[in-house]
Structure formats: C-alpha cells, structure tokens
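Numbering (the numbering used here), first residue to last: 100 to 181.
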C-alpha cells in the first residue's frame, strides 16, 4: 500500500476536478483530505478517495502547512513541470 503523508503533492484523476493539484492534509483511509490553498483551504479541505488520486513524489517541506505555503508550492510546481 502506498504511503500518503501530509504535505505530499497529488493530482486528481476523477471527478469535476480531474487534473487539479492538491496537497494532502490528512489521511483517513480510504479517504484523503486535500487542499489547494485557494478554493479548498485548510479549514474546508476536499475529501477524495485514494483510488481517485495520483501521487506526485514531491513534498512540501515545512514545519506547518498553511494556505499560503500550499498555494505557492503548487504554483511553483506548475511553472516548472507543466
């Protein structure tokens, strides 16, 4: 089984948000709580099934996850890889 750690970048594979990038906030197997720092904040994370996401082996290395750090990390990743 894959390990889903908080701070790891993932891509949505299914649903109306297909292709969107998120950061894992918390694992509640078989669901993950995800945030993008904008529409899906730390206070209102997206709940998504594990089978509907793709792990991107990039991790946000910070002491504390914040909406600002999540937004900046996703934006930087998109500029470098897309």
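C-beta: ideal position from N, C-alpha, C; glycine also. The structure presented is a predicted model; accordingly, all values stated were derived computationally and were not measured.
Item checked: Identity of the residues DSSP links to residue 153 by a beta bridge -> As a first step, residue 153 must be located in the chain shown, where it is residue number 54. For residue 153, which the question treats as bridged, DSSP gives the partners 110.
Next item on the list: Determine the contact status of residue 141 and residue 171, defining contact as a CB-CB distance below 8 Å.
Entry: Position 42 of the chain shown, counted from the first residue, corresponds to residue 141. Position 72 of the chain shown, counted from the first residue, corresponds to residue 171. In this structure, residue 171 does not lie closer than 8 Å to residue 141 by Cβ.
Next item on the list: Between the Cα of residue 116 and those of 160, 128, 136, 151, spot the shortest distance and give me the residue it belongs to.
Entry: The count along the chain shown starts at 1 and reaches residue 116 at position 17. Considering only alpha carbons, the answer is 151.
Checklist line | For residue 170, the three-state DSSP class (helix, strand or coil) | finding: As a working note, residue 170 is residue 71 in the chain shown. Correct three-state label for residue 170: helix.
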